[in-house]
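K.L.:
Below are the structure tokens for one structure; questions will follow.
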Amino acid sequence: MTQTSENVTWLTQGAYNQLKAELEHLSGPARTEIAKKIEAAREEGDLRENGGYHAAKEEQGKQELRVRQLTQLLEKAKVGEAPADNGVVEPGMIVTIAFDGDEDDTLSFLMASREYASADIETYSPQSPLGSAVNGMKVGKDAEYELPNGKKASVRILAAKPYTD
33 MTQTSENVTW
43 LTQGAYNQLK
53 AELEHLSGPA
63 RTEIAKKIEA
73 AREEGDLREN
83 GGYHAAKEEQ
93 GKQELRVRQL
103 TQLLEKAKVG
113 EAPADNGVVE
123 PGMIVTIAFD
133 GDEDDTLSFL
143 MASREYASAD
153 IETYSPQSPL
163 GSAVNGMKVG
173 KDAEYELPNG
183 KKASVRILAA
193 KPYTD
């Protein structure tokens, strides 16, 4: 899980290890593999009409962008503990909310950055409208945020528990 302040990104040891492994793969074996693809496509001849070459170059660009993103993220990373189980919403928590106070219309989500998005549960950034509305609030409190259409939505915080990976 991650918690971002202005200059530091807090990561659990598991998240740090996962991102570090991705960076090592992209910087090593994946970089070598894409270079081989580009070289093989280059040997096919005319580069102006070589779809394989252009696809490989595009893939290389995306890969290098991800390497830069991971490098910057890990440079600012501090490995820490999961947030305290004190009923306060913060990054690294599984948050359960009820829309308009209706306890039958609920949503549970992980409050975290996109680097730690999980396939198992929906993830909302602390900077998202919903995330920023509930961040720092206690269980039982109501919050309001603006929807993309400009209307307001209100939620009640039902639970906030630390996420364990």
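Here my numbering runs 32 ahead of the position in the sequence shown, where the first position is 1. In this text, a Cβ means the ideal position worked out from N, Cα and C, and glycines have one as well.
#1: Can you find the residues in the same chain that come closer than 6 Å, C-beta to C-beta, to Lys-173, ignoring five residues on each side of it along the sequence?
#2: Under DSSP, the alpha helix (DSSP H) around Pro-123 begins and ends at which residues?
#3: How many angstroms separate the CA atom of Val-111 from the CA atom of Ala-130?
#4: Let me check understanding here. Comparing Cα to Cα, which of Gln-95, Arg-80 and Ala-191 lies closest to Met-169?
#5: Could you name each continuous beta strand (DSSP E) segment of 3 residues or more that falls completely within the segment 135 to 196, going from the start of the chain to the end?
#6: Pick helix, strand or coil for Thr-128, following the three-state DSSP scheme.
#7: Out of Ser-145, Leu-162, Lys-52 and Asp-78, state which residue places its alpha-carbon closest to the alpha-carbon of Thr-128.
#8: Smallest Cα separation from Asp-137: which of His-57, Gly-77, Ala-185 and Asp-78?
#9: Buried or exposed, going by whether 16 or more other CB atoms sit within 10 Å of the CB of Glu-38?
#10: Which of the three DSSP states is assigned to Lys-110 in this structure?
#11: Are there 16 or more other CB atoms within 10 angstroms of the CB of Ser-140, so buried, or fewer, so exposed?
#12: I need the boundaries of the alpha helix (DSSP H) containing Asn-49, first residue and last residue.
#13: In three-state terms, what does DSSP make of Gln-35?
#14: Apart from the five residues just before and just after Ala-72, which ones in its own chain have a Cβ nearer than 7 Å to its Cβ?
#15: Short check: CB of Glu-54 to CB of Leu-102, under 8 Å?
P.N.:
Inspection of the coordinates gives the following:
#1: Along the sequence shown, one-based indexing puts residue 173 at 141. So the qualifying residues of the chain are Ile-189.
#2: By 1-based counting over the sequence shown, the position of residue 123 is 91. Here Pro-123 belongs to no alpha helix (DSSP H), and DSSP marks it neither H nor E.
#3: Locating residue 111 in the sequence shown gives position 79, counting from the first residue. Locating residue 130 in the sequence shown gives position 98, counting from the first residue. Straight-line Cα distance between these residues: approximately 32 Å.
#4: On the sequence shown, position 137 is the one that residue 169 refers to. Comparing Cα-Cα distances from Met-169 to each of Gln-95, Arg-80 and Ala-191, the minimum goes to Ala-191.
#5: 138 to 143, 174 to 178 and 184 to 194
#6: Here the question's residue 128 lines up with position 96 in the sequence shown. Correct three-state label for Thr-128: strand.
#7: Working through the sequence shown from its first residue, we reach residue 128 at position 96. Minimum Cα distance to Thr-128 is reached at Leu-162.
#8: For the purposes of this step, residue 137 is identified with residue 105 of the sequence shown, where counting begins at 1. Comparing Cα positions, the closest option is Ala-185.
#9: Start at 1 with the first residue of the sequence shown, and residue 38 comes out as number 6. Confidence is the limiting factor: at Glu-38 the pLDDT is only 46, short of 50, which leaves the residue's position unreliable, though a coordinate-based value still follows. With fewer than 16 Cβ atoms within 10 Å of its Cβ, Glu-38 is classed as exposed.
#10: Counting from one through the sequence shown, the residue named residue 110 turns up at place 78. Note: Lys-110 maps to strand in three-state DSSP.
#11: The residue labelled residue 140 in the question sits at position 108 within the sequence shown. Answer is exposed; the Cβ neighbour count stays below 16.
#12: Start at 1 with the first residue of the sequence shown, and residue 49 comes out as number 17. From DSSP, the alpha helix (DSSP H) with Asn-49 extends over 45 to 59.
#13: Within the sequence shown, residue 35 is the residue found at index 3, counting from 1. Bear in mind that the predicted position of Gln-35 carries a pLDDT of just 48, short of 50, making it too unreliable to give a figure here.
#14: Taking the sequence shown and counting its residues from 1, the one referred to as residue 72 is at position 40. Answer for Ala-72: no residue qualifies.
#15: To locate residue 54, count along the sequence shown from 1; it is residue 22. To locate residue 102, count along the sequence shown from 1; it is residue 70. It is a contact, given that the beta carbons lie within the stated cut-off.
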